[in-house]
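Taking the working numbering, the leading residue of the sequence shown gets 1, the next gets one more, and so forth.
Positions of the beta carbon are idealized from the N, C-alpha and C atoms, including for glycine.
Remember, it's a predicted structure, so these values are computed and weren't measured experimentally.
Data first, discussion second: the structure below is written as structure tokens.
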Amino acid sequence: MKRAMLGMKRRSLGVKRSLACALLLAMTPLPAATANLVKTYSYFAIGGSTLDDIEAQLSKRGPEVKSTGTRHPGATQMAFTTRVSYAQTPSSCRIADAVVTVKVKVILPEWRRPRKADADVRLFWDTLSADIKRHEERHVEIAKNHGGELEEALKATYPQKNCDAAKAKAAAITAAVLARHDRAQLQFDRVESVNFESRILRLLRYRMERIGNGRLPPA
């Protein structure tokens, strides 16, 4: 009798452990899908020894952005490529797998620094160029996040009555996610443009403090 009770206790403990593991797995968030990212960099040269010179060079040589029709100090070109495979049965068709690749090209300025440029101009350029790069890298991050969202949404679709319907569903999901992506990119640009002046001044002060503390070499 004691052996039987011990056996029941062991089985009970085993069930409890299994339930605990199942609950723990259910409560642990699964990692979000991450799109493949292919990133390259391109640079355009600018000259000038004053802030006005640099501003004029950026306006003249910066990449032209189609959405605004103007030249910018930096830009990120991006393209989403989706590869979807389907599995068909006599009564349905589903998305078997989906792989999203985000290809981006980051375009940044490169100042051909003249020897006669003042230290203040060099300091401002170091601050501005770092902020331009940060801004464009955030565009890349937004694109990658939406690529992962798209991949996850495609994989989560329910079976459709046939593969034509499954392809139409994939196209609708893709269009919806990419529309959200475009809105997120525009919203980011709006926020950044509003805060540009205060952000640059804050970054300048911070850089000057670090130079004063010996944490950064003089510009």
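Listed in chain order, the alpha helix (DSSP H) runs fully inside the stretch 43 to 81 are 51 to 61, counting runs of at least 4 residues.
Linking residue 167 to residue 151 through their CA atoms gives a straight-line distance of about 14 Å. Sixteen is the threshold: when 16 or more other Cβ atoms of the shown chains lie within 10 Å of the Cβ of residue 121, as they do, the residue is buried.
Our two residues, residue 102 and residue 59, have alpha carbons roughly 28 Å apart in a direct line. Rounded to whole angstroms, the separation of the alpha carbons of residue 57 and residue 37 is 31 Å. The Cβ atoms of residue 135 and residue 192 lie closer than 8 Å to each other. If you check the CB distance, residue 174 and residue 82 come in under 8 Å.
With respect to the 8 Å criterion, residue 73 and residue 142 are not classified as neighbours on the basis of their beta carbons.
Counting the other CB atoms within 10 Å of its CB gives residue 108 a total of 16 or more, which places it among the buried residues. For residue 101, the beta-bridge partners assigned by DSSP are 36, 81.
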